[in-house]
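To start, the structure itself, in structure tokens.
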Amino acid sequence: MSEAECLLLVKMPEIQLGAHTVRSHGVKVARAHMHDWLILLLLIVIDVILNVIEPFHRFVGEDMMTDLEYPLKDNTVPFWAVPIIAIILPFSVILVYYFIRRDVYDLHHAILGLLFSVLITGVITDAIKDAVGRPRPDFFWRCFPDGKGVFDPVTKNVMCTGLRSVIKEGHKSFPSGHTSWSFAGLGFLALYLSGKIRVFDRRGHVAKLCIVFLPLLIAALVGISRVDDYWHHWQDIFAGGLLGITVSSFCYLQFFPPPYDVEGLGTSCVFSDVGRVSKWQSIQRHQWSKCTTIRA
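In numbering that gives the first Met the number 0, the protein residues as written are 0 to 295.
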């Protein structure tokens, strides 16, 4: 085997595989998953509708107000910050990984999985909020901003005198939307990072676990802030976190192999291709050793 043939053999996988970038394969990948993007749009429409409709107004008697008289406070984590925490932050990490590896398949599936995780969680959360109609811990001050409670003389139910929009929001305690969204986005990011840095490679690198737990810690702090602000009961936070982490796990596994898998670095759709590449690389190393022997 000549030296030229050896060099051609070594470079062959680069010629065959090419660079899967946004410019070269982006449109093709997006078209192949057009139905997924349409479903995302449908989820957005459904979530908007769920936020417009009136939630169930649960009976709130005078004797129940003891647990609903916490002060009405501003949000430590405002509503506009939730998409930044749950979507933009994970997207930024995913984008950085793309610039390192230049794999459009990984980029596309990560973005799609992230958006599905957040939007499915949002739809489920808002649907439950509207159906349950649980009053927030500060419901008394939403219902009676002047501090004077008014109750129906027959049913003993509240007769709110506050702003309608404030009262409507007061019936959306369960589950916590801030918490479910945060765990949906950052939970997906934690799984994504665990696959990329191979946390479960059994080499005992605790630093990898710290990287994976950091997004979950941020999500947990968001949930804790909701209790501190008296916008939610602790059960709302627990249910929201459980919902978010569950949906994010399903959405991640829809597009990627489990993080503990030996090929957890790749995506599910190119999983077999990754195996073929690994096999080709082993053949390549064997042939290159033969070439080195010939030249020696």
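The beta-carbon is built from N, C-alpha and C at its ideal position, and this holds for glycine as well.
Taking all protein chains shown into account, do 16 or more other C-beta atoms lie within 10 angstroms of the C-beta of residue i, making it buried, or fewer, making it exposed?
i, result
"P258", "buried"
"W180", "buried"
"V205", "exposed"
"R225", "buried"
"S164", "exposed"
"H108", "buried"
"T65", "exposed"
"F254", "buried"
"D105", "buried"
"T154", "exposed"
"K195", "buried"
Which residue or residues does DSSP assign as beta-bridge partners of residue i?
i, result
"G60", "N156"
"F150", "V157"
Just to confirm, is the Cβ distance from residue i to residue j under 8 angstroms?
i, j, result
"G132", "P54", "yes"
"L42", "I119", "yes"
"F173", "I127", "yes"
"Y229", "D137", "yes"
"L40", "F139", "no"
"L111", "D46", "no"
"V44", "A85", "no"
"L215", "G176", "no"
"I123", "L242", "yes"
Out of curiosity, what's the CA-to-CA distance linking residue i and residue j?
i, j, result
"E168", "D200", "46 angstroms"
"R141", "R135", "9 angstroms"
"I87", "K147", "43 angstroms"
"G60", "L37", "45 angstroms"
"A219", "S248", "17 angstroms"
"I48", "Y96", "35 angstroms"
"M33", "N74", "37 angstroms"
"L113", "A183", "8 angstroms"
"F98", "V198", "21 angstroms"
"G222", "T178", "5 angstroms"
"R56", "P152", "As written in the sequence, residue 56 is His, which differs from the Arg given in the question. Approximately 18 angstroms between the Cα atoms of the pair."
"P82", "V157", "34 angstroms"
contact_flag[the region 227 to 235, the region 187 to 200] where n(CB pairs < 8 angstroms) is 3 or more
no
Three or more C-beta pairs closer than 8 angstroms, one from the region 71 to 78 and one from the region 87 to 103: is that the case here?
no
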